[in-house]
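Q: Residue numbers (the working numbering): 1 to 251.
Even glycine gets a Cβ: it sits at the ideal position worked out from N, Cα and C.
One structure, as structure tokens, below. Some questions next.
In structure tokens, the structure reads:
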């Protein structure tokens, strides 16, 4: 039995406690090993797959020297939503366009809201890179369109729409401005908070009066997001500094 298959057989034994030394053996398996990995992975019980995927995502977050990207990329197709969510989370720092191409259809097609919300957050990173002209123009447009369709789809869960809107804020355009405004006036605090996040990403001085108002909100979450958004505008928001100082002292 190949070593990778042996490692997964050990990890897949639900009677044994997961150990980091075995999880580490999945570090940098290489794209060429993904087929072998996937064949062995599918033999593991779903509950154990969820446990392994979550542990790998946590290990990757705490230890930057580990590279489980090829594992996470492989398990994006897992039948378990919790596994797919962990895979998306684990790919947080993966800036490869091949990964982006895997994530884009998941935002529209994955049947699970938690997975879609995680994908929307991940696409927000690529949207930020697009705003810095670090992505090919065509790719940036694809990200924009995916986030726009998701943020404007009223049939989607609020969490998915929220995270999509936050990423969409990195783009400019009347359609983006309209969606941000609609979310802000929706009457639902989570959407309103995400609208403030999007306004901060938007870097448009038109939102300064909104920030000024929300810095005085009775809702801590809204004050917090307004303060963050104000900070993103930098010198353009200097007039709001007197509003920020009391918050820094009190909140």
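Where does residue 130 land, buried or exposed, given buried means 16+ other C-beta within 10 angstroms?
A: buried
Q: Can you name the start and end residues of the alpha helix (DSSP H) that residue 52 belongs to?
A: 46-62
Q: Tell whether a beta-carbon distance below 8 Å holds between residue 225 and residue 196.
A: yes
Q: For residue 194, count neighbouring C-beta atoms within 10 Å of its own C-beta (all shown protein chains included) and say buried if the count is 16 or more, exposed if not.
A: buried
Q: Please name the residue in 80, 22, 67, 33 whose C-alpha comes closest to that of residue 91.
A: The alpha carbon of residue 91 has as its nearest neighbour, out of 80, 22, 67, 33, the alpha carbon of 67.
Q: Where residue 69 and residue 26 are concerned, what is the direct C-alpha to C-alpha distance, given to the nearest angstrom?
A: 10 Å
Q: Just confirm the distance between the C-beta atoms of residue 79 and residue 34, as a whole number of angstroms; I'd bet it's less than 8 Å.
A: Their Cβ separation, rounded to whole angstroms, is 17 Å, which puts residue 79 and residue 34 out of contact at 8 Å.
Q: Output yes or no for whether 8 Å exceeds the beta carbon distance between residue 124 and residue 167.
A: yes
Q: Any contact of the stretch 161-175 with the stretch 200-207, i.e. 3+ C-beta pairs under 8 Å?
A: yes
Q: Residue 116 lies in the alpha helix (DSSP H); which residues open and close that run?
A: That run of the alpha helix (DSSP H) goes 113-131.
Q: Is the Cβ-Cβ distance between residue 164 and residue 120 less than 8 Å?
A: yes
Q: Anyone know if the C-beta pair for residue 219 and residue 243 falls short of 8 Å?
A: Result no, Cβ atoms of residue 219 and residue 243 do not sit closer than 8 Å.
Q: Could you tell me the boundaries of the alpha helix (DSSP H) in which residue 13 lies?
A: Note, residue 13: premise wrong, no alpha helix (DSSP H); not H, not E.
Q: On a Cα-Cα basis, can you pick out the residue from 55, 185, 9, 111 that is closest to residue 43?
A: Looking at the Cα atoms, 9 is the closest of the given residues.
Q: Just to confirm, is the Cβ distance from residue 40 to residue 5 under 8 Å?
A: yes
Q: What does the Cβ neighbour count give for residue 97, buried or exposed, with the cut at 16 atoms within 10 Å?
A: Exposed is the call here.
Q: Taking the runs of the alpha helix (DSSP H) that are 4 residues or longer, which of them lie wholly in the stretch 144-215?
A: 158-168, 174-184, 189-202, 208-214
Q: Between the beta-carbon of residue 191 and the beta-carbon of residue 158, is there less than 8 Å?
A: yes
Q: Once you ignore the five residues that flank residue 122 on each side, which residues in its own chain have a CB closer than 6 Å to its CB?
A: 88, 103
Q: Starting from the C-beta of residue 185, find all residues in its chain whose C-beta is less than 7 Å away, skip the five residues before and the five after it, and write them out in chain order.
A: none
Q: Taking the CB atoms as reference points, tell me whether residue 139 and residue 150 lie closer together than 8 Å.
A: Judged by beta-carbon spacing, residue 150 lies beyond the 8 Å limit of residue 139, meaning their Cβ atoms are not closer than that value.
Q: Counting only the same chain and skipping the five closest in sequence on each side, list residues whose C-beta sits under 6 Å from that of residue 83.
A: If you ignore the 5 residues before and after residue 83, its C-beta comes within less than 6 Å of the C-beta of 49, 50, 53, 75, all in its own chain and listed in chain order.
Q: Check for me: the alpha helix (DSSP H) holding residue 38 runs from which residue to which?
A: 34-41
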